[in-house]
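Read through the structure below, which is laid out as structure tokens, and then see the notes.
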Amino acid sequence: MRPISLPDVPYGATAVRPQWSDLPKSLRTGIAARLGAPIAEARSAGGGFTRAFAALLSTAEGEHVFVKAAPLRDPNAEWYAREAAITAALPVEVNAARPRWTMEHSGYFVLCLEAIDGHVPALPWQPADLQAALTAWSTAAAALTTPTTPGLPPLAEIIRGEMSWWSEIAAGREPMPRTARNTVAPAHLPELAALEQALPNLVKGPGMLHGDLRIDNVLIDRTGQARLCDWTWPCLGAPWFDTITLLISAFASGLDADAYLAPWDPPAEGVDGALAALAGYWLVRADGGPSSASPHSRQHQRFSGEQALTWLADRRGW
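In this text, residue positions in the sequence shown follow numbering that gives the first Met the number 0: the first is 0, and each later residue adds one.
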């Protein structure tokens, strides 16, 4: 087993969110009225990197739901509306919470989802939890060969437009981020850029991807099954790309990430290109100023970028 690397803050404790009592009284009254009973308990979600409200609510009648809410002027409101539409259309084979209802009230958009009695997997990954997550994604990917949401962007276009930072650095249009200066990146910049540039043609596919399949978007329920959460950024492409994003934390856990990836039969250059693109994207973002989303987001971006780059270096013998 490889050495284990862990982030400074666990993924289940990265969020800084408003509490139930922080919401406008009129909104709390409206949510309780929609649920048909007073709210007896509200447990804020500890994972994630947004500042929007997200909590498990329990009513006095014993009902449990997961509620997200954001001011209508906040981008999170649009994201929650998108998540509601996407999850409502997912095939039954996709193990994800479905929306119960949505509403606009007191200047907020509110999304009510089925409650999942589960937890974010802890790092280092336990093999049973990782296998559950991979099984859930494999089943979902098979069911999403024909997308259930129209108009999704191709992953190839996202890579060209948002995840080609090594190419920008190699061309002199962007500086080498401080977060990458003590890594293998400066010595292998031309190779990183070439891998990145070849990637769009390798990730093309008609299927629907989750688009943000990280450990903190997985919940393990009491039966040991994995639920895939936060369907906000789906796109079209090869499903092994999402598998790689999930397995970066498995690599950090000292597990044989390549062995877990092998059943997906990805092209070797595609794997290397994905790791290069993800490393560049995360390390550049980690070099930004303090995040308004979470005080822990930059640290986690750096952790993810370093692990993606280390996995790539191991694969290529750098």
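Every residue gets a Cβ at the ideal spot worked out from N, C-alpha and C, and that includes glycine.
Computed from a prediction, not measured in an experiment: that's the story for all the values here.
What are the boundary residues of the beta strand (DSSP E) that residue i is part of?
{"i": "lysine 67", "result": "63-70"}
{"i": "tyrosine 107", "result": "107-113"}
{"i": "arginine 42", "result": "38-43"}
{"i": "leucine 89", "result": "Careful: leucine 89 lies outside any beta strand (DSSP E) and carries neither H nor E."}
{"i": "isoleucine 219", "result": "217-220"}
{"i": "threonine 330", "result": "Look at the range of the chain in this structure, 0 to 317, and you will see that residue 330 is not part of it."}
{"i": "leucine 227", "result": "225-227"}
Looking at the unbroken alpha helix (DSSP H) that takes in residue i, where does it start and where does it end?
{"i": "isoleucine 243", "result": "239-251"}
{"i": "histidine 104", "result": "Taken as a continuous stretch (DSSP letters only), histidine 104 belongs to no alpha helix (DSSP H), being part of the beta strand (DSSP E) at 98-104."}
{"i": "aspartate 128", "result": "126-142"}
{"i": "isoleucine 24", "result": "It is worth fixing the name first, because residue 24 is lysine in this sequence and not isoleucine. Per DSSP, lysine 24 belongs to the alpha helix (DSSP H) from 24-34."}
{"i": "threonine 309", "result": "296-315"}
{"i": "glutamine 196", "result": "188-201"}
{"i": "arginine 284", "result": "267-285"}
So the candidates are the options; which of them puts its Cα closest to the Cα of residue i?
{"i": "proline 23", "options": "Gly304, Val109, Asn216 and Gly117", "result": "Val109"}
{"i": "leucine 276", "options": "Ala80, Ile157 and Pro146", "result": "Looking at the sequence shown, residue 276 is not leucine but alanine. Taking only the C-alpha atoms, the option nearest alanine 276 is Ile157."}
{"i": "aspartate 211", "options": "Glu190, Ile247, Ala193 and Ala197", "result": "Ile247"}
{"i": "alanine 179", "options": "Glu62, Ile38, Ala84 and Gly279", "result": "Gly279"}
{"i": "leucine 122", "options": "Val217, Leu308 and Arg284", "result": "Val217"}
{"i": "threonine 160", "options": "Ala225, Gln196 and Leu133", "result": "According to the sequence displayed, residue 160 carries glycine and not threonine. When only C-alpha atoms are compared, the closest one is Gln196."}
{"i": "arginine 226", "options": "Glu62, Pro266 and Gly117", "result": "Gly117"}
{"i": "threonine 182", "options": "Arg27, Trp310, Thr28 and Ala53", "result": "Trp310"}
{"i": "asparagine 200", "options": "Thr134, Arg301 and Leu235", "result": "Leu235"}
{"i": "alanine 169", "options": "Leu154, Glu190 and Gly150", "result": "Glu190"}
{"i": "phenylalanine 250", "options": "Leu129, Pro153, Ala142 and Pro149", "result": "Leu129"}
{"i": "arginine 72", "options": "Phe302, Glu103, Ala88 and Leu89", "result": "Glu103"}
{"i": "leucine 143", "options": "Asp313, His295 and Ala88", "result": "Ala88"}
Taking the CB atoms as reference points, tell me whether residue i and residue j lie closer together than 8 Å.
{"i": "arginine 97", "j": "cysteine 111", "result": "no"}
{"i": "proline 233", "j": "glycine 206", "result": "no"}
{"i": "isoleucine 214", "j": "leucine 245", "result": "yes"}
{"i": "alanine 186", "j": "methionine 175", "result": "no"}
{"i": "glutamate 316", "j": "arginine 1", "result": "According to the sequence provided, residue 316 is glycine. The question's glutamate does not apply to it. No, these two residues do not count as a Cβ contact at 8 Å."}
{"i": "isoleucine 115", "j": "valine 66", "result": "no"}
{"i": "arginine 16", "j": "alanine 68", "result": "no"}
{"i": "glutamate 40", "j": "aspartate 229", "result": "no"}
{"i": "threonine 58", "j": "isoleucine 85", "result": "no"}
{"i": "alanine 53", "j": "alanine 44", "result": "yes"}
{"i": "alanine 32", "j": "asparagine 94", "result": "no"}
Check whether chain E comes within 8 Å of residue i, counting only Cβ atoms and requiring the distance to be less than that.
{"i": "isoleucine 115", "result": "Here there is only one protein chain, and chain E is not present."}
Decide if residue i is buried, meaning its Cβ has at least 16 other Cβ atoms within 10 Å, or exposed.
{"i": "valine 270", "result": "buried"}
{"i": "valine 91", "result": "exposed"}
{"i": "aspartate 21", "result": "exposed"}
{"i": "alanine 307", "result": "buried"}
{"i": "aspartate 241", "result": "buried"}
{"i": "glutamine 18", "result": "exposed"}
{"i": "threonine 145", "result": "exposed"}
{"i": "leucine 5", "result": "exposed"}
{"i": "isoleucine 219", "result": "buried"}
{"i": "arginine 221", "result": "exposed"}
{"i": "arginine 177", "result": "exposed"}
{"i": "isoleucine 243", "result": "buried"}
{"i": "proline 262", "result": "exposed"}
{"i": "glycine 272", "result": "buried"}
Measuring only from the beta carbon, is residue i closer than 7 Å to any heavy atom that is part of the ligand SAM?
{"i": "aspartate 271", "result": "In the structure shown, the ligand SAM is absent, as is every other ligand, since no ligand is present at all."}
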